[in-house]
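*Asks:* In our numbering, the protein residues as written are 162 to 218.
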């Protein structure tokens, strides 16, 4: 259960980083949320992959 809390925290951090990066590059908050959703999904899959290789082996 603790692992999923870690997933949530890292996903939130990735989302904040992504929005901040877009804000710095574009000078404004992104109008389309698709980039953020893609980032969240990628972050979740990366954490799942890391979890598999760390905890399952």
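Note that the Cβ used here is the ideal one computed from N, Cα and C, for glycine as well. Bear in mind the structure is a predicted one, so any value in this text is a computation, not a measurement.
(1) Let me confirm a value: residue 204 is counted as buried when at least 16 other C-beta atoms fall within 10 Å, else exposed. Which label applies?
(2) How about residue 164 and residue 209: do their beta carbons lie closer than 8 Å?
(3) Between the beta-carbon of residue 221 and the beta-carbon of residue 200, is there less than 8 Å?
*Replies:* Taking the definition as stated:
(1) buried
(2) no
(3) No information on residue 221 is available, as it lies outside the stretch 162 to 218 that the chain covers here.
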